[in-house]
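Notes follow the structure.
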Amino acid sequence: MVAETSSRANPLSTEPALAPAEGLDGQPSAWRRMRLWGAAHAVDDLYQGLVPACVPYFVLDRHYSYVAAGGLTLAATLGSSVPQPFVGVAVDRYRLDWLAAAGVTLAGIGLGLSGLVHSYAAVWLLLCASGLGVAMFHPAAGKSARVAAGESATAMSIFAAGGSVGFFLAPVLATPALIAMGVGATALFIPPAVLMGFLLYRNRLQRPAGRGVSHSGRDQWVPFLVLTCIETVRSVAFFGAITFIELFWIRHLGAGKSLAGAALACFLVGGVAGTLLGGRIADRVGMVRTVQLGAIVAIPALVGLRFTPGEYPPLLFAVLAGIALNIPFAVLVKLGQDYLPTRPGTAAGVTLGLAVSIGGLLAPVLGVAAQSWGPQGVFTIICLIPLVALALGVFLTEPRK
């Protein structure tokens with residue numbers, strides 16, 4: 001918990017600080033800041049969502065193998081996962097008010113240029129650079145959003161849901177363009193990143209955490225490590241689903257490209273709803289119970305997605321699976337910062353970055369499974385993953401106040 005009660009003690013805002021225990025009630029300026037950070041998060045994570053949206057078209061247009069397709073997801077997540085904890089440490093120590101702007105800009109330019117080059121190595125490096133941009137954005141943005149949100153999990157879910165909105169918009173915007181223009185359509189997505197980077201830099205939405213600011217509390221590393229493992233397990237299921245769900249519809253269910261894109265959109269719009277719903281549930285029943293609930297409801301949702309026949313009926317379970325897998329998302333981000341009250345940037349870098357991105361790092365493993373058993377084999381494996389999260393959730397404890 002960040003214990004600031006004065007404007008000087010709130011290094012992340014140009015406005016008076018919120019008393020964290022009061023949340024956002026009666027603080028319209030804080031709500032505006034949460035909406036701004038939610039919008040920035042949406043634009044940033046649009047480029048993470050565009051990677052799985054574009055992967056099937058690299059497979060179909062460039063004739064990449066399943067393993068090579070998984071390697072593209074690996075490139076983006078490798079670029080974002082490895083640097084984020086180090087970026088988080090830096091954000092907690094130094095003035096880096098330009099970092100969010102530079103990060104979202106790099107994320108967009110790297111992704112946008114990836115469809116214009118033909119060498120697999122060049123595509124891989126550009127997607128890795130895009131992931132690095134994501135790594136530059138998340139830690140400081142998560143820290144600033146937490147200060148604005150105070151103790152409200154619902155408010156924090158606005159910021160987290162921004163990322164889910166970005167993932168959702170990716171296939172909605174990309175699928176028609178990719179069908180019409182091929183993978184070269186990625187260049188159309190460069191301008192939003194440049195615009196948001198300009199707005200972030202101009203308005204200085206991100207401020208440093210130094211110069212006399214102290215954070216109170218005692219860090220709880222053991223439950224934080226358990227939480228990190230849960231977020232990692234959740235991300236494996238999430239990234240596995242978004243990477244192979246379109247190919248599941250096309251090559252297992254026999255659907256067309258448009259319906260396959262709709263399936264990914266259904267899964268991601270469920271993710272937006274699940275993120276917002278999780279924040280409200282946590283404010284009522286507690287954060288630990290919400291994390292455990294997400295693991296429980298994910299099991300039947302994923303089983304229904306995998307085994308329901310037909311092209312259209314499984315769409316319902318795609319929505320339900322997206323809801324279930326994302327119920328714990330915002331809660332895990334807030335809970336991680338509560339476990340590490342003196343290192344909010346580091347906690348955000350891990351929960352929003354490293355743990356989330358590890359799911360993408362395992363995409364090539366799922367690609368090997370798809371190579372042997374098809375996309376349906378991947379979803380059979382994903383059905384079992386929430387059991388691990390449920391077992392780990394038993395060891396979570398409520399953070400000390």
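Going by my numbering, the residue at position 192 of the sequence shown is 192; the numbering climbs one at a time, nothing skipped.
Here a beta-carbon is modelled for each residue, glycine too, at the ideal position from N, C-alpha and C.
- May I have the straight-line CA-CA distance separating Ala193 from Thr351, to the nearest angstrom? 23 angstroms
- Assign Val222 to buried or exposed, taking buried as 16 or more other Cβ atoms, counted over all protein chains shown, within 10 Å of its Cβ. exposed
- Message: My assumption, with CB atoms under 8 angstroms, is that Ala174 sits in contact with Ala53. Please give the rounded CB distance.
- Response: 4 angstroms
- Message: Please tell me whether Leu96 and Ala140 are closer than 9 angstroms, where the distance is taken between their beta carbons.
- Response: yes
- Message: Taking a contact to mean a Cβ-Cβ separation below 9 angstroms, would you say Ser130 touches Ala102 in this structure?
- Response: no
- Residue closest to Leu305, alpha-carbon to alpha-carbon, out of Leu362, Gln337 and Thr380: Thr380
- Item | Closer than 8 angstroms: Gly162 CB and nearest the ligand ADP heavy atom | This structure simply doesn't include the ligand ADP, nor any ligand for that matter.
- Query: If we ignore side chains and look at the alpha-carbon of each, how far apart do Tyr94 and Ile242 end up?
  - Reply: Their Cα atoms are separated by approximately 35 angstroms.
- Where does Leu316 fall in DSSP's three states? helix
- Task: Would you mind sorting Tyr312 into buried or exposed? The rule is 16 or more other CB atoms within 10 Å of its CB.
- Result: exposed
- Same chain only: Cβ atoms within 7 angstroms of Arg234, ignoring 5 sequence neighbours per side: Sequence-distant partners of Arg234 (beyond 5 residues in either direction) whose C-beta falls short of 7 angstroms from its own C-beta, in its chain, are Leu325, Pro328 and Ala389.
- Is Val233 helix, strand or coil when you go by DSSP? Assignment of Val233 by DSSP, reduced to helix, strand and coil, places it in the helix class.
- With DSSP collapsed to three states, give me the class of Leu106. Here Leu106 sits in helix by DSSP.
- Between the C-alpha atoms of Ala282 and Pro399, what's the straight-line distance to the nearest angstrom? 13 angstroms
- Query: Going by alpha carbons, who is nearest to Cys128 out of His118, Gly110 and Gly142?
  - Reply: Closest option to Cys128, Cα to Cα, is Gly110.
- Item | Rounded separation between Ala298 and Asp45 - CA only | Using only the alpha carbons, I get a separation of about 23 angstroms.
- Task: Pull up the CB-CB distance for Val59 and Ala69, whole angstroms please, since I reckon it's below 8 angstroms.
- Result: With a Cβ gap of about 5 angstroms, Val59 and Ala69 count as contacting.
- Kindly indicate which three-state DSSP category Ala255 falls into: helix, strand or coil? coil
- Query: Can you tell me whether DSSP reads Ser144 as helix, strand or coil?
  - Reply: helix
- Task: Kindly provide the ranges of any alpha helix (DSSP H) runs that are 4 or more residues long and lie completely inside the stretch 56-115, ordered along the chain.
- Result: 66-81, 84-93 and 99-114
- Hey, how far is the Cα of Ala301 from the Cα of Phe238? 13 angstroms
- Message: Measuring straight from C-alpha to C-alpha, what distance separates Val291 and Gly393?
- Response: CA-to-CA, the gap between Val291 and Gly393 works out to about 7 angstroms.
- Message: Taking the alpha carbon of Gly262 as the reference point, which residue from Arg251, Ala347 and Pro176 has its own alpha carbon closest?
- Response: A quick correction: the sequence has Ala, not Gly, at residue 262. Relative to the Cα of Ala262, the nearest Cα in the group Arg251, Ala347 and Pro176 belongs to Pro176.
- Going by beta carbon distance, what residues of the same chain come within less than 6 angstroms of Thr406, once the five residues before and after it are set aside? The question about residue 406 has no answer here: the residues shown for the chain are numbered 1 through 401.
- Task: Could you say which of His138, Leu78 and Ile382 lies nearest to Val43 if we only look at CA atoms?
- Result: His138
- Got a sec? Which residues, its chain only, sit under 7 angstroms from Val272 by beta carbon, not counting five neighbours each side? Ala161, Ser164, Val165 and Phe168
- Query: Just how far apart, CA to CA, sit Ile190 and Gln48?
  - Reply: 13 angstroms
- Message: Can you tell me whether Ala148 is buried or exposed? The criterion is at least 16 other CB atoms within 10 Å of its CB, across all chains shown.
- Response: Counting of Cβ neighbours within 10 angstroms places Ala148 among the buried residues, the total reaching 16 or more.
- Taking the alpha carbon of Asp219 as the point to measure from, which residue in Pro341, Ser258 and Ala180 has its own alpha carbon closest? Pro341
- Task: Assuming Ala348 contacts Gly142 (C-beta within less than 8 angstroms), just tell me the rounded distance between them.
- Result: 3 angstroms
- Item | Coarse secondary structure for Leu362, derived from DSSP in three states | coil
- Query: Does the separation of the CB atoms of Gly278 and Ala391 fall below 9 angstroms?
  - Reply: no
- Message: Between Phe267 and Ala187, how many whole angstroms is the CB-CB distance? I'm expecting something under 8 angstroms.
- Response: Incorrect: roughly 26 angstroms between the Cβ atoms, too far for contact.
- Task: Work out the CA separation of Glu151 and Leu247 for me, nearest whole Å.
- Result: In this structure, the CA atom of Leu247 is about 41 angstroms from the CA atom of Glu151.
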